[in-house]
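Each protein sequence line maps, in turn, to chains A and B. The first sequence lines up with residues 1 to 330 when you count with my numbering. The second sequence lines up with residues 1001 to 1330 when you count with my numbering. From the three backbone atoms N, C-alpha and C, an ideal C-beta is built for every residue, glycine too. Just below is one structure, and these are the notes that go with it.
Protein chains: 2
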Amino acid sequence: MTNDAQTVGELGEARVLAAILARLGPSRAVIGPGDDAAVLEAGRGRIVATVDTLVHGPDFRLAWSSGYDLGWKAAAVNLADVAAMGAHPTALLVALALPDDTPSRLVTALADGLREACDALAPGCAVEGGDLTVSPTLTVAVTALGVLDDDRPPVLRSGARPGDVLALAGDAGRAAQGLRLLFERFRDDEGAPVPVDQTRLTPDESDAIAAQLRPVPPIRLGPAAAAAGATAMMDVSDGLALDASRLADASGVTADLASETLGADAATALSGGEDHALLATFGARAVLPDGFRRIGTVRERAAVAVLVDGARYDGQTGWDPYTGWDAALG
Amino acid sequence: MTNDAQTVGELGEARVLAAILARLGPSRAVIGPGDDAAVLEAGRGRIVATVDTLVHGPDFRLAWSSGYDLGWKAAAVNLADVAAMGAHPTALLVALALPDDTPSRLVTALADGLREACDALAPGCAVEGGDLTVSPTLTVAVTALGVLDDDRPPVLRSGARPGDVLALAGDAGRAAQGLRLLFERFRDDEGAPVPVDQTRLTPDESDAIAAQLRPVPPIRLGPAAAAAGATAMMDVSDGLALDASRLADASGVTADLASETLGADAATALSGGEDHALLATFGARAVLPDGFRRIGTVRERAAVAVLVDGARYDGQTGWDPYTGWDAALG
Chain A
1 MTNDAQTVGE LGEARVLAAI LARLGPSRAV IGPGDDAAVL EAGRGRIVAT
51 VDTLVHGPDF RLAWSSGYDL GWKAAAVNLA DVAAMGAHPT ALLVALALPD
101 DTPSRLVTAL ADGLREACDA LAPGCAVEGG DLTVSPTLTV AVTALGVLDD
151 DRPPVLRSGA RPGDVLALAG DAGRAAQGLR LLFERFRDDE GAPVPVDQTR
201 LTPDESDAIA AQLRPVPPIR LGPAAAAAGA TAMMDVSDGL ALDASRLADA
251 SGVTADLASE TLGADAATAL SGGEDHALLA TFGARAVLPD GFRRIGTVRE
301 RAAVAVLVDG ARYDGQTGWD PYTGWDAALG
Chain B
1001 MTNDAQTVGE LGEARVLAAI LARLGPSRAV IGPGDDAAVL EAGRGRIVAT
1051 VDTLVHGPDF RLAWSSGYDL GWKAAAVNLA DVAAMGAHPT ALLVALALPD
1101 DTPSRLVTAL ADGLREACDA LAPGCAVEGG DLTVSPTLTV AVTALGVLDD
1151 DRPPVLRSGA RPGDVLALAG DAGRAAQGLR LLFERFRDDE GAPVPVDQTR
1201 LTPDESDAIA AQLRPVPPIR LGPAAAAAGA TAMMDVSDGL ALDASRLADA
1251 SGVTADLASE TLGADAATAL SGGEDHALLA TFGARAVLPD GFRRIGTVRE
1301 RAAVAVLVDG ARYDGQTGWD PYTGWDAALG
């Protein structure tokens, strides 16, 4: 038995690993955790693979994120990258680097968050492998693997054509609103993060913070978009304006966003990252899958990659991890 | 152009990424780096997937390891896990977490090391995706993917049977000898690592340090062992005695190692990790593939998982990351 107030340094690798594996639920793989590598079914012979990392400080603060939140978000952001190719997520590999004073209850909660995000967002997907190491900085690197429907090609960023409809599934700006609330309301006089006091939040504010800490990207809509003939698709992780410019650059087109489709706070919708919505383009006559809404039009390549209401957009566009964060931990 | 004395914080994400991609060489994937995820051929429908992480401090010190060494080792240790399943490595995904004061030349050298390790150890395998983030702690998490030869099952840890030959391909104890030399000879009066002065090393010592910093695991011998009918196989990363006990436990047998096969320093061969040799078992009549040597025999399960020369082994067995390292950086 592990006492969940013990640290991972006190427990040692074998018992920390056993505590994690006990939380992960059944493997769906040919060979799941426990050997040198996992062995996974790959459908008709092509797989989709991506990796994304959450680092204590730049990507989360433990005063704000629980272990459960962290596991959930680490799964969700990677599932979204698989979905954005039009694929079904099938497996996660989780590389956990933990300070030796990490409470084991944080690690087991993290495993719970990983499992429940998979079950909620991508049923059938599970953690099938990973790695556990010690580090001064709590780091969660998740690899997500997925399969494409039979004989269907992946949906790339580069397939948008002039005249296509620009469509979005999921939130735009909500996670950024939540992050702003965390920075404005839940820091001490020195600027260090302090725990979230839900009694100081309206239901809408609480919902925005949840969008930041436990995003719910529309994973099943990735394969649905592929089936509906999406010409291009990507995960919106760094803000709609910046990510739309990436899709437009890859496709050699210009994305013209309609601000009236972006809600009351269009500026935050355009600049705010971490919602992990799906941005997709469809031919002008395509029927958008339920869950997608039209947010603009693809045009011939203009002087810039992104227009808003037909004009150049001069607002803040997005997030660079090497210039965009302060070093305060919590 | 990037000036390689600039830091990643000065350059920003886009230029660091461009500098890395310029070093990686051609993609062999259906879709390589640049979209939300890579798309990879998966042979006859099963893939092998593993992840392993190197963390500054516990796993390497920059006074001893160059960026090139680090990239090479991060690739090699993961390729070995794929090979240990009997599979051919096909792709790496690399999650790099970098302090913002990291010199960009370290990052480009790391990319060179990744590429050259793939080319030397697993031709055809390349970096096909990754993630770049900022962290207080330099961390390299590599996911390796591979494919099995047509219709051949993976070689697991659990297939060893009494009477099988226990065989090893690659070094045992060499990387540990190198690590001991680094700790004994290349630290200052406070114990902090200092750069390796090759003029203070014999050729044999220099070779041992190279085995620690740039291991050369016998990747091609993993599929060769599978083709020769290996009944079980694993990568030896934590020491021969400890890893043999894991294979024996998984198989419900006891591994009896013959000390006279382990060289002049059998104790280091038994306890020393990080060689990433391949430990495999074969039926008594099998012809061992060139590169494997017999190091013992598989016996009916005894009271303990590992014997040495038929007797219980009381020496040091291996390495636990949460109890085995000191916190000095360098």
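Item checked: Own chain, CB closer than 8 Å to L1024/B, minus 5 neighbours either side, in chain order -> If you number the second sequence from 1, residue 1024/B lands on position 24. Result list for L1024/B: P1033, A1111, L1114, R1115, A1126, V1127, in chain order.
Check: Bridge partners of H1056/B, per DSSP?
Finding: Position 56 of the second sequence, counted from the start, is the residue given in the question as residue 1056/B. Its beta-bridge partners are F1060/B.
Check: Where does E1041/B sit, in a helix, a strand or coil, going by DSSP?
Finding: What you label residue 1041/B is simply residue 41 of the second sequence in a count that begins at 1. Strand.
Next item on the list: Could you list the residues in the stretch 1038–1053 of chain B with a C-beta less than 9 Å from some C-beta on chain A, going in chain order?
Entry: A1038, V1039, L1040, E1041, A1042, G1043, R1044, G1045, R1046, I1047, V1048, A1049, T1050, V1051, D1052, T1053
Notebook entry, point to check: Does I333/A get closer than 9 Å to chain B when you measure Cβ to Cβ?
Noted result: Since the first residue shown for chain A is 1 and the last is 330, residue 333/A is missing from the structure and cannot be characterised.
Check: Is DSSP giving D249/A helix, strand or coil here?
Finding: Stepping through the first sequence from its first residue, residue 249/A is reached at position 249. Three-state result, D249/A: helix.
Check: Straight-line CA distance for A1176/B to D1131/B?
Finding: By 1-based counting over the second sequence, the position of residue 1176/B is 176. By 1-based counting over the second sequence, the position of residue 1131/B is 131. Straight-line Cα distance between these residues: approximately 31 Å.
Margin query: Rounded to whole angstroms, what is the Cα-Cα separation between A1250/B and A1305/B?
Written below: The residue labelled residue 1250/B in the question sits at position 250 within the second sequence. The residue labelled residue 1305/B in the question sits at position 305 within the second sequence. Using only the alpha carbons, I get a separation of about 10 Å.
Next item on the list: For E1260/B, count neighbouring C-beta atoms within 10 Å of its own C-beta (all shown protein chains included) and say buried if the count is 16 or more, exposed if not.
Entry: Against the second sequence, residue 1260/B aligns to sequence position 260. With fewer than 16 Cβ atoms within 10 Å of its Cβ, E1260/B is classed as exposed.
Checklist line | Under the three-state DSSP convention, the category G272/A falls into | finding: As a position in the first sequence, residue 272/A is number 272, starting the count at 1. Three-state DSSP puts G272/A in coil, outside helix and strand.
Next item on the list: Give me whichever residues DSSP pairs with R1187/B in a beta bridge.
Entry: Working through the second sequence from its first residue, we reach residue 1187/B at position 187. Answer by DSSP bridge pairing, in chain order: P1193/B.
Next item on the list: Hey, could you find the ends of the alpha helix (DSSP H) A1087/B is sitting in?
Entry: Within the second sequence, residue 1087/B is the residue found at index 87, counting from 1. Neither: A1087/B is in no alpha helix (DSSP H) and is coded neither H nor E.
Next item on the list: In angstroms with no decimal places, state the Cα-to-Cα distance between L1017/B and A1095/B.
Entry: Residue numbering aside, residue 1017/B sits at position 17 when the second sequence is read from its first letter. Residue numbering aside, residue 1095/B sits at position 95 when the second sequence is read from its first letter. For L1017/B and A1095/B, the distance between alpha carbons rounds to 12 Å.
Check: Which residue from P1193/B, R1299/B, E1184/B puts its Cα closest to that of L1247/B?
Finding: The sequence position of residue 1247/B within the second sequence is 247, counting from 1. Looking at the Cα atoms, R1299/B is the closest of the given residues.
Note to self: Are the CB atoms of R1312/B and V1253/B within a distance shorter than 9 Å?
What the structure shows: Translated into the one-based positions of the second sequence, residue 1253/B becomes position 253. Translated into the one-based positions of the second sequence, residue 1312/B becomes position 312. The answer is no: Cβ separation not under 9 Å.
Checklist line | DSSP-derived helix/strand/coil call for I1219/B | finding: By 1-based counting over the second sequence, the position of residue 1219/B is 219. Of the three classes helix, strand and coil, the one that applies to I1219/B here is coil, per DSSP.
Notebook entry, point to check: Under a three-way DSSP split, which group does T1102/B fall into?
Noted result: If you number the second sequence from 1, residue 1102/B lands on position 102. Note: T1102/B maps to coil in three-state DSSP.
Next item on the list: Would you identify the three-state DSSP class for G1032/B, choosing helix, strand or coil?
Entry: Against the second sequence, residue 1032/B aligns to sequence position 32. It is coil, neither helix nor strand.
Next item on the list: Could you tell me the distance, in whole angstroms, from the CA atom of D1004/B to the CA atom of D275/A?
Entry: The residue labelled residue 1004/B in the question sits at position 4 within the second sequence. The residue labelled residue 275/A in the question sits at position 275 within the first sequence. About 34 Å.
Check: What distance in whole Å lies between the Cβ atoms of D1164/B and A984/B, which are believed to be in contact at a cut-off of 8 Å?
Finding: Because chain B spans 1001 through 1330 in this model, residue 984/B falls outside it and cannot be assessed.
Notebook entry, point to check: Between P154/A and V1039/B, is the Cβ-Cβ spacing less than 9 Å?
Noted result: Here residue 154/A refers to the residue found at position 154 of the first sequence. Here residue 1039/B refers to the residue found at position 39 of the second sequence. Taking 9 Å as the Cβ cut-off, P154/A and V1039/B qualify as a contacting pair.
Next item on the list: Anything in chain A within Cβ reach of G1036/B, meaning under 7 Å, just list it in chain order.
Entry: Here residue 1036/B corresponds to residue number 36 of the second sequence, with the count starting at 1. Checking the sequence, you will find Asp at residue 1036/B rather than Gly. Near D1036/B (Cβ distances below 7 Å), the residues of chain A are T50, D81, A84, M85, M234, D235.
Check: Could you give the distance in angstroms between the alpha-carbon of P123/A and the alpha-carbon of T143/A?
Finding: Taking the first sequence and counting its residues from 1, one reaches residue 123/A at position 123. Taking the first sequence and counting its residues from 1, one reaches residue 143/A at position 143. Between P123/A and T143/A, the C-alpha separation is close to 17 Å.
Check: Hey, is the stretch 195–210 of chain A in contact with the stretch 44–60 of chain A, meaning 3+ C-beta pairs nearer than 8 Å?
Finding: no
Item checked: Contacts of D964/B in chain A (Cβ-Cβ under 9 Å) -> The structure shown does not extend to residue 964/B, since chain B is modelled only from 1001 to 1330, so the question has no answer here.
Next item on the list: Pull up the distance between the alpha-carbon of V1134/B and that of D1052/B, whole angstroms please.
Entry: Translated into the one-based positions of the second sequence, residue 1134/B becomes position 134. Translated into the one-based positions of the second sequence, residue 1052/B becomes position 52. Approximately 19 Å between the Cα atoms of the pair.
Check: In chain order, what residues of the same chain have a beta carbon less than 7 Å from the beta carbon of D1256/B, not counting five sequence neighbours either side?
Finding: Translated into the one-based positions of the second sequence, residue 1256/B becomes position 256. Here the set comprises G1296, T1297, R1299, L1307, G1310.
Item checked: Identified DSSP bridge partners for L307/A -> Residue numbering aside, residue 307/A sits at position 307 when the first sequence is read from its first letter. Answer is D256/A, R312/A, bridged to L307/A.
Note to self: Taking the alpha-carbon of V75/A as reference, which of A286/A, L121/A, R61/A, T102/A has the nearest alpha-carbon?
What the structure shows: Residue 75/A sits at position 75 when you count from the first residue of the first sequence. Note that residue 75/A is Ala in the sequence shown, not Val. Nearest C-alpha to A75/A: L121/A.
Note to self: Give me the DSSP bridge partner(s) of A1167/B.
What the structure shows: In the second sequence, the residue the question calls residue 1167/B occupies position 167. DSSP, once it has assigned bridges, lists A1280/B, R1294/B as partnering A1167/B.
Item checked: Inter-residue spacing [alpha-carbon to alpha-carbon] between G1170/B and V1287/B -> In the second sequence, the residue the question calls residue 1170/B occupies position 170. In the second sequence, the residue the question calls residue 1287/B occupies position 287. If you take the alpha carbons of G1170/B and V1287/B, they lie about 17 Å apart.
Check: Smallest Cα separation from R1174/B: which of T1139/B, L1011/B, A1014/B, A1211/B?
Finding: The residue labelled residue 1174/B in the question sits at position 174 within the second sequence. Answer by Cα proximity: A1211/B.
Next item on the list: Just tell me which of G1045/B, I1020/B, D1235/B has its CA closest to the CA of P1103/B.
Entry: Reading the second sequence from its first residue, position 103 is the one you call residue 1103/B. Per the Cα distances, I1020/B.
Notebook entry, point to check: Does any C-beta atom of chain B lie closer than 9 Å to the C-beta of L145/A?
Noted result: The sequence position of residue 145/A within the first sequence is 145, counting from 1. At least one chain B Cβ lies under 9 Å of L145/A.
Checklist line | Expected contact under 8 Å - CB spacing of A1084/B and G1222/B to nearest Å | finding: As a position in the second sequence, residue 1084/B is number 84, starting the count at 1. As a position in the second sequence, residue 1222/B is number 222, starting the count at 1. A1084/B to G1222/B, Cβ: 6 Å. Contact.
Next item on the list: Anything in chain A within Cβ reach of D1059/B, meaning under 8 Å, just list it in chain order.
Entry: Sequence index remark: in the second sequence, residue 1059/B carries index 59 (1-based). What D1059/B touches in chain A: T133.
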